[in-house]
Amino acid sequence: MVINLIEDAKAKAAAMFLHLSDILEKDIRDCEDKFVGNVWDISVKTGEIYPKVDHLIIRKGFVNRMYAVVPWSDVLSIEDDIMLKVKASDIKFKTAIKDMEFLLKRDIMDQQVVDTFNHKVRRVNDLHLLKVERDLVLAHVDIGMRSLMHRLGWESAVDAMVKMINKNSKYLKTENLVSWKSVQPVTINPASMTMKLSVSQKQLQAIPAADLGEIIFDLTPGQRMAMFRTLDLKTKAKLFENLDLEEQKAIVKELDKKELAQIVGNMSSDEAADLLEGLPQNTVKNLLTLIESHRAKKLSDLLGYSSDSAGGLMTTDFVSMSETVTVAEAIEFIKSQTKDMDLVPYIYIIDDKNHLKGVTSLRRLLFEDSKESVLKMVLPKTVYVYLNNSVKEVAYLMDKYKISYIPVIDENKVLHGVVAMDDVLSQVIAIAWRKKTRLPKGI
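Under the numbering used here, residues 2 to 444 are what the sequence shown spells out, in order.
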């Protein structure tokens with residue numbers, strides 16, 4: 002009894018959905034039951050989480066094909082043939098369909114989409130449309146192999162074969178559906194090489210940059226650039242920071258100098274310097290002229306150091322403040338000036354000539370008297386490295402004192418930057434890998 006109720010419930014739920022493939026090519030008849038044509042495509046309204054179908058695209062003829070657009074409100078029923086409320090004589094056919102923003106067959110079926118929930122690129126084998134009274138709503142993309150068999154008309158035969166082999170096969174029981182709200186289509190406008198988005202690009206921005214990098218390089222070069230151009234500037238910069246140099250170069254080739262300069266200007270200074278170091282000198286000179294002068298000078302200075310030295314590893318993105326400010330002023334400064342920084346682990350105290358006077362932490366400031374000078378809040382020992390210290394020396398000090406960031410100074414104790422542990426690890430791993438690949442076989 003319970004099993005029957007469950008099966009009935011499943012059947013009723015299934016009846017609420019239609020496959021797009023079951024609608025395409027259906028015969029269309031007018032209000033007088035005259036043949037009008039066949040379903041060629043369906044358009045939906047963009048900008049909604051679950052977009053509604055708003056037009057039916059009709060095709061007629063075989064040699065000289067003609068097309069017409071009918072509002073969905075003129076559709077009477079879709080049970081067998083598609084029945085319209087209007088007369089065939091009132092429908093105007095043309096040789097082509099223009100200015101249709103978003104068509105399901107043309108733009109989504111058999112295309113690749115980004116599953117922003119699972120951070121994967123998927124191929125769309127079919128679409129699920131939900132019946133809501135007289136409306137149809139786009140609910141899911143179907144990425145399963147079984148949906149492809151359904152489209153080809155092989156579902157029953159393949160199901161029977163699979164049941165003979167394994168009646169409990171996942172193929173028979175698992176629906177590979179992705180909710181439309183978790184989907185970004187990778188459909189390309191050939192003229193502008195832009196990607197149409199079904200929903201807010203916030204979904205793409207919410208994907209970790211490392212995952213987004215993997216997604217982008219699963220796409221074709223054209224799709225890759227179209228998707229890249231949908232991202233906001235900060236997301237592009239974060240994405241670049243998580244790509245290796247060869248992947249960065251692949252995208253750089255497709256960007257104009259102004260766009261590349263904007264991206265470099267929003268990257269962390271050490272990552273930006275690493276990118277510039279791998280580009281031709283003429284390109285670097287041109288880019289630096291397009292970047293804000295203060296930022297360009299910092300990057301130019303960083304490019305003067307060896308990549309395996311403290312100067313080459315350091316970033317100029319850190320928080321420093323005068324030794325004369327109070328704890329309250331320091332906290333207010335951090336709140337107002339560091340919104341774009343991912344992390345503020347340490348604060349570097351300097352004098353009016355930028356000499357390093359000490360290091361403190363945000364946690365230390367929060368638990369001290371707000372009227373005290375920050376200079377009294379410095380840690381007992383200030384550990385630092387010089388610009389030309391090797392990566393090995395930097396790594397040794399960071400390990401010895403168990404610190405994740407270390408300031409970089411010159412011979413006059415002027416603060417130039419900060420080295421982060423992850424940059425040291427990346428360099429040490431690269432050195433170790435180069436040594437390993439040079440070892441003779443068998444060692």
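C-beta: ideal position from N, C-alpha, C; glycine also.
Given 8 Å, three or more beta-carbon pairs between the segment 303–313 and the segment 361–370: Touching, no.
Backbone secondary structure at PHE334 - three-state DSSP: Position 333 of the sequence shown, counted from the first residue, corresponds to residue 334. PHE334 falls in the helix class under three-state DSSP.
Buried versus exposed, by CB contacts within 10 Å (16 or more), LEU277: Numbered from 1 along the sequence shown, position 276 holds the residue referred to as residue 277. Buried, because 16 or more other Cβ atoms sit within 10 Å of the Cβ of LEU277.
Cutoff 6 Å; reference LEU19; Cβ partners in own chain excluding five residues on either side: Here residue 19 is taken as the residue at index 18 of the sequence shown, counted from 1. These residues qualify, in order along the chain: LEU130.
Inter-residue Cα distance where the pair is VAL360 and LYS235: By one-based count along the sequence shown, residue 360 stands at place 359. By one-based count along the sequence shown, residue 235 stands at place 234. Looking at the two C-alpha atoms, the distance is approximately 29 Å.
Among ASN177, VAL64, HIS56, nearest to ILE43 - alpha-carbon criterion: Along the sequence shown, one-based indexing puts residue 43 at 42. Answer by Cα proximity: HIS56.
Local Cβ density within 10 Å of ARG147, reported as buried at 16 or more and exposed below that: The count along the sequence shown starts at 1 and reaches residue 147 at position 146. Buried is the call here.
SER183 vs THR117 beta-carbon contact at 7 Å: Here residue 183 refers to the residue found at position 182 when the sequence shown is read from its first residue. Here residue 117 refers to the residue found at position 116 when the sequence shown is read from its first residue. Yes.
C-beta atoms of LEU240 and GLY214 nearer than 7 Å: Within the sequence shown, numbered from 1, the residue matching residue 240 stands at position 239. Within the sequence shown, numbered from 1, the residue matching residue 214 stands at position 213. Going by C-beta atoms, LEU240 is nearer than 7 Å to GLY214.
Residue(s) in a DSSP beta bridge with SER362: Stepping through the sequence shown from its first residue, residue 362 is reached at position 361. DSSP output for SER362 lists TYR347 as bridge partner(s).
Assigned secondary structure, ALA89 (DSSP; H/G/I helix, E/B strand, else coil): Translated into positions along the sequence shown, residue 89 becomes position 88. Three-state DSSP puts ALA89 in a helix.
Three-pair Cβ contact test at 8 Å for the segment 279–298 versus the segment 329–343: Cβ pair count under 8 Å is below three, so no.
Length of the line joining the Cα atoms of VAL328 and TYR347: Position 327 of the sequence shown, counted from the first residue, corresponds to residue 328. Position 346 of the sequence shown, counted from the first residue, corresponds to residue 347. Roughly 14 Å separates the two Cα atoms.
PRO186, enclosing beta strand (DSSP E) - first and last residue: For the purposes of this step, residue 186 is taken as residue 185 along the sequence shown, with counting starting at 1. Counting along the chain, the beta strand (DSSP E) containing PRO186 begins and ends at 184–186.
Nonlocal neighbours in the same chain, by C-beta distance under 7 Å from ARG296, ignoring five residues either side: Position 295 of the sequence shown, counted from the first residue, corresponds to residue 296. Contacts found: GLY266.
Cβ neighbours of ARG123 in the same chain (closer than 6 Å, five flanking residues each side left out): Counting from 1 along the sequence shown, the entry for residue 123 is found at position 122. VAL114, ASP116, ILE144, listed in sequence order.
Sub-7 Å separation of LYS53 and VAL163 beta-carbons: As a working note, residue 53 is residue 52 in the sequence shown. As a working note, residue 163 is residue 162 in the sequence shown. Cβ distance not < 7 Å, so LYS53 and VAL163 don't count as in contact.
Nearest to LYS377 (by Cα), restricted to the options ALA396, SER22, ILE350: Stepping through the sequence shown from its first residue, residue 377 is reached at position 376. That would be ILE350, whose Cα lies nearest to the Cα of LYS377.
Segment contact flag, the segment 23–43 with the segment 70–87, C-beta cutoff 8 Å, min 3 pairs: yes
DSSP three-state assignment for TRP155, whether helix, strand or coil: Here residue 155 is taken as the residue at index 154 of the sequence shown, counted from 1. TRP155: coil per DSSP, three-state reduction.
Coarse secondary structure for PRO408, derived from DSSP in three states: Start at 1 with the first residue of the sequence shown, and residue 408 comes out as number 407. PRO408: strand per DSSP, three-state reduction.
Nearest-angstrom Cβ-Cβ length linking SER270 and LYS299, presumed shorter than 8 Å: Start at 1 with the first residue of the sequence shown, and residue 270 comes out as number 269. Start at 1 with the first residue of the sequence shown, and residue 299 comes out as number 298. About 6 Å separates the two Cβ atoms, so the contact holds.
Span of the alpha helix (DSSP H) around PHE218: By one-based count along the sequence shown, residue 218 stands at place 217. PHE218: not part of any alpha helix (DSSP H); DSSP gives it neither H nor E.
Check: SER170 C-beta below 6 Å from any heavy atom of the ligand MG: For the structure depicted, the ligand MG is absent and the ligand set is empty, with no information on it obtainable.
Buried or exposed by the 16-neighbour rule on C-beta atoms within 10 Å, applied to PHE229: Position 228 of the sequence shown, counted from the first residue, corresponds to residue 229. So PHE229 counts as buried.
Euclidean distance between Cα positions of LEU105 and ALA210: Mapped onto the sequence shown, residue 105 falls at position 104. Mapped onto the sequence shown, residue 210 falls at position 209. Answer to the nearest angstrom: the Cα atoms are 29 Å apart.
Range covered by the alpha helix (DSSP H) that runs through ARG296: What you label residue 296 is simply residue 295 of the sequence shown in a count that begins at 1. 294–303 is the span of the alpha helix (DSSP H), which, as asked, contains ARG296.
Three-state class that DSSP yields for THR327 in the structure shown: Translated into the one-based positions of the sequence shown, residue 327 becomes position 326. DSSP places THR327 in strand when its eight states are reduced to three.
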